[in-house]
Amino acid sequence: PYPAYGFLRAADPVHESAAGFWLLSSYRDVSAVLRAGLSSNPRNVTHGAVLGQYERLGGTGAMFARTMLEHDAPDHTRLRSLVTKVFTRRAVAALETRVTELVDAALDRVADAGRADLVDALAFPLPFAVISEMLGLPPDSSDRVRELSGLLVRSQEPVFDPAVLDSVARAGDAMVALVRELIAAKRRDPGDDLLTALIAAEQDGARLTDDELVAQVVLLYIAGHETTVNLIAGGTVALLRNPGQLAALRANPGLTGNAVEELLRYDSPVQQTRRITTAPYTVRGREIPPGTFVIACVGSANRDEEFWGPDADQLRLDRPDARRHVSFGAGPHHCLGAALARLEGRVAFERLVRRFPRLEFDGDVVWNGRVNLRGPAELPVRV
Ligand code: HEM
Numbered sequence: 019p020y021p022a023y024g025f026l027r028a029a030d031p032v033h034e035s036a037a038g039f040w041l042l043s044s045y046r047d048v049s050a051v052l053r054a055g056l057s058s059n060p061r062n063v064t065h066g067a068v069l070g071q072y073e074r075l076g077g078t079g080a081m082f083a084r085t086m087l088e089h090d091a092p093d094h095t096r097l098r099s100l101v102t103k104v105f106t107r108r109a110v111a112a113l114e115t116r117v118t119e120l121v122d123a124a125l126d127r128v129a130d131a132g133r134a135d136l137v138d139a140l141a142f143p144l145p146f147a148v149i150s151e152m153l154g155l156p157p158d159s160s161d162r163v164r165e166l167s168g169l170l171v172r173s174q175e176p177v178f179d180p181a182v183l184d185s186v187a188r189a190g191d192a193m194v195a196l197v198r199e200l201i202a203a204k205r206r207d208p209g210d211d212l213l214t215a216l217i218a219a220e221q222d223g224a225r226l227t228d229d230e231l232v233a234q235v236v237l238l239y240i241a242g243h244e245t246t247v248n249l250i251a252g253g254t255v256a257l258l259r260n261p262g263q264l265a266a267l268r269a270n271p272g273l274t275g276n277a278v279e280e281l282l283r284y285d286s287p288v289q290q291t292r293r294i295t296t297a298p299y300t301v302r303g304r305e306i307p308p309g310t311f312v313i314a315c316v317g318s319a320n321r322d323e324e325f326w327g328p329d330a331d332q333l334r335l336d337r338p339d340a341r342r343h344v345s346f347g348a349g350p351h352h353c354l355g356a357a358l359a360r361l362e363g364r365v366a367f368e369r370l371v372r373r374f375p376r377l378e379f380d381g382d383v384v385w386n387g388r389v390n391l392r393g394p395a396e397l398p399v400r401v
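Following the UniProt record's numbering, the numbering of the sequence shown begins with 19 at its first residue and continues without gaps.
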C-alpha cells in the first residue's frame, strides 16, 4: 500500500504544498486535470519553488523545453505528429518477433547463470534495445546513456534535491553532446529508421529545427526505457510478493494482457505528471491561481478506493476494469509509447513466467529512491 497517498486523498485531496505547487491525488481530479487543456510548459510557472528550480537547470532545462512533453498546441501537435506513425498499435505489433527474440536471449543468459539481477538482465536492456533499434542507434552507448538518463530523470522529481542540480545540468549537456554525435553519424549513414525520418523533417526546415530534433531524440531515448524498466522490474516484484496471483498467471497465460494493465495500475512506473495553470482552475471548490505547478498524482489515482473499490490496494490480475488506470496519462499528452510498453511488458511477463517455474527472490530489492519514476534499481532473483 501507499499510506501517504491514502492519507492525502482522505485529508487533503487538493493539497497546496509549502513549496508552492499543488497536488491532486484522487482518480476523479487526476483524470479531469489531464484532460482539462492546462499547459504542459513549465515556463508558464510564475511563482513557487519550482520556478527557481527550472532556471537553475540551464541548458538542460532549455533542452527539455524543446520536447513535445513540455509544449502546448500547436507546437505540441507538430512535434508529436512527426513520430506518431511508428508508435501506433499496428506499427508496434510488427515488432513482436524482435521483442520476443530479445526477451528470450536475455532469459537464456539468466537460465545459464541460475540467478541474476533482473534489472540488469532484462528490465533495462529490453526497452533500451528496442528504442535504440527504432531510432537506428548503436546499442553500444547503453552504459553511457543509462548513466546520463538516470541523472536527467531527477529533473522530473516534484522537488529537486539542490545537491544534484549541478550534476543533472551537466548530465543534460553531456547527453545533448552525445545525441548530437549520434545524429551526425546518422546524417553520414542514413537508414530505414525513425532518426533518419526525423532528420528528413529537420532538413525540411518548416517542420523541425535542429535543437528540436536533438530534444525529441533525447526524450524518446529516456522515455523509451526509464519507464518500461519500472513496469518489468516493479511488476516482477509485485508478482513475487503475491504468489497466489503469480500462480494464477502461470495457470492461465491468456491473462497476461490484463495482468500488464493491473501491474501498471498497482505500481505506476511513472507516479506523477504535471500541468501548469494559465487561468484560475477550480477543483472541489478550491481555486488554484494561474501560473501554478499542479502535480497529477497518477500513482495515487490508481489506488483510489473511491474509484476502484475496497480492494484498490490488492493486486488482482483479472480485475475487469484494470485498463482504466491513468499510468499513461490522458488527454493530448497521453503516452506516445503506450502500445510499445504494453507489448514489451506482455512478452516479458509471458516468457518469464513460462520459462521459470521456480522464479524467486535472491536477496533484497533495492529501490531507485525516486518519487516519480519509481522502481527497483536492483532485483536479485534465482531461477
Ligand atoms: C508521455 C508513462 C513508456 C514515450 C507519457 C506520459 C506518461 C507516460 C504518464 C504523460 C506525460 C504527461 O501527461 O505530461 C509511460 C509509462 C511507460 C511509458 C508508464 C511504460 C510503462 C514509453 C515508451 C515510450 C514513451 C516505451 C517510447 C518512446 C513517451 C513520450 C511522451 C510520453 C514521447 C510524451 C508525449 C507527449 O507529450 O505528447 N508517458 N510511458 N513512453 N511517453 Fe510514455
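Where a beta carbon is used, it is the ideal one built from N, C-alpha and C, also for glycine.
Can you check whether the CB of V383 is closer than 8 Å to the CB of V255?
-> Looking up residue 255 in the sequence shown gives position 237. Looking up residue 383 in the sequence shown gives position 365. With contacts defined by Cβ atoms closer than 8 Å, V255 and V383 form a contacting pair.
For K204, is the classification buried or exposed, using 16 other Cβ atoms within 10 angstroms of its Cβ as the cut-off for buried?
-> By one-based count along the sequence shown, residue 204 stands at place 186. Of the residues assessed, K204 falls on the buried side of the cut-off, its CB having 16 or more other CB atoms within 10 angstroms.
Sufficient close CB pairs (3 or more, under 8 Å) joining the region 72-83 to the region 321-340 | Counting Cβ pairs under 8 Å, fewer than three are found: no touch.
May I ask which residues mark the beginning and end of the alpha helix (DSSP H) holding F146?
-> By one-based count along the sequence shown, residue 146 stands at place 128. Going by DSSP, F146 is part of the alpha helix (DSSP H) stretching over P143 to L153.
Just list the beta strand (DSSP E) runs in the region 285-327, keeping only unbroken ones of 3 residues or longer that don't cross its boundaries, in chain order.
-> Correct list: 291-294, 299-301, 304-306 and 311-314.
Exposure of G190, with buried meaning 16 or more beta-carbon neighbours within 10 Å = Looking up residue 190 in the sequence shown gives position 172. By the Cβ neighbour-count rule, G190 is buried, with 16 or more other Cβ atoms within 10 Å of its own.
Same chain, Cβ closer than 8 Å to E230, five either side skipped, listed in chain order | Looking up residue 230 in the sequence shown gives position 212. These residues qualify, in order along the chain: R84, L97 and E220.
Cβ pair count under 8 Å reaching 3, the region 371-379 against the region 308-315 | No: fewer than three Cβ pairs fall under 8 Å.
Out of A348, L120 and H65, state which residue places its alpha-carbon closest to the alpha-carbon of G363.
-> In the sequence shown, residue 363 corresponds to position 345, counting from 1. It is L120 whose Cα lies nearest to the Cα of G363.
Chain-order list of residues whose beta-carbon lies under 7 Å from that of H243 (same chain, five-residue window excluded) = As a first step, residue 243 is located in the sequence shown; it is residue number 225 there, counting from the start. The beta carbon of H243 is closer than 7 Å to those of F142, P145, F146 and I149 in its chain, skipping five residues each way along the sequence.
How do the region 277-296 and the region 53-72 stand: do at least 3 beta-carbon pairs fall below 8 Å, yes or no?
-> Taking a contact to require three or more Cβ pairs closer than 8 Å, the region 277-296 and the region 53-72 qualify as touching.
Could you tell me which of V301, A224, S318 and A202 sits nearest to P287, measuring between CA atoms?
-> Position 269 of the sequence shown, counting from 1, holds the residue named residue 287. Nearest C-alpha to P287: S318.
As assigned by DSSP and simplified to three states, the class of H65 = On the sequence shown, residue 65 is found 47 positions in, with the first residue counted as 1. Three-state DSSP puts H65 in coil, outside helix and strand.
R133 bridges to which residues according to DSSP?
-> Position 115 of the sequence shown, counting from 1, holds the residue named residue 133. Looking at the DSSP output, R133 shares a beta bridge with R400.
Look at the Cβ atom of G349, then the Cβ atom of L52, and state whether they are nearer than 8 Å.
-> Numbered from its first residue, the sequence shown carries residue 349 at position 331. Numbered from its first residue, the sequence shown carries residue 52 at position 34. Closer than 8 Å, so yes.
Pair within 8 Å by beta-carbon distance, P398 and N386 = Taking the sequence shown and counting its residues from 1, one reaches residue 398 at position 380. Taking the sequence shown and counting its residues from 1, one reaches residue 386 at position 368. Taking the C-beta atoms as reference points, N386 is found no nearer than 8 Å to P398.
Could you give the distance in angstroms between the alpha-carbon of I240 and the alpha-carbon of R388?
-> Position 222 of the sequence shown, counting from 1, holds the residue named residue 240. Position 370 of the sequence shown, counting from 1, holds the residue named residue 388. When rounded, the distance between both Cα atoms is 15 Å.
Residue span of the alpha helix (DSSP H) that contains V177, given as start and end = Looking up residue 177 in the sequence shown gives position 159. Here V177 belongs to no alpha helix (DSSP H), and DSSP marks it neither H nor E.
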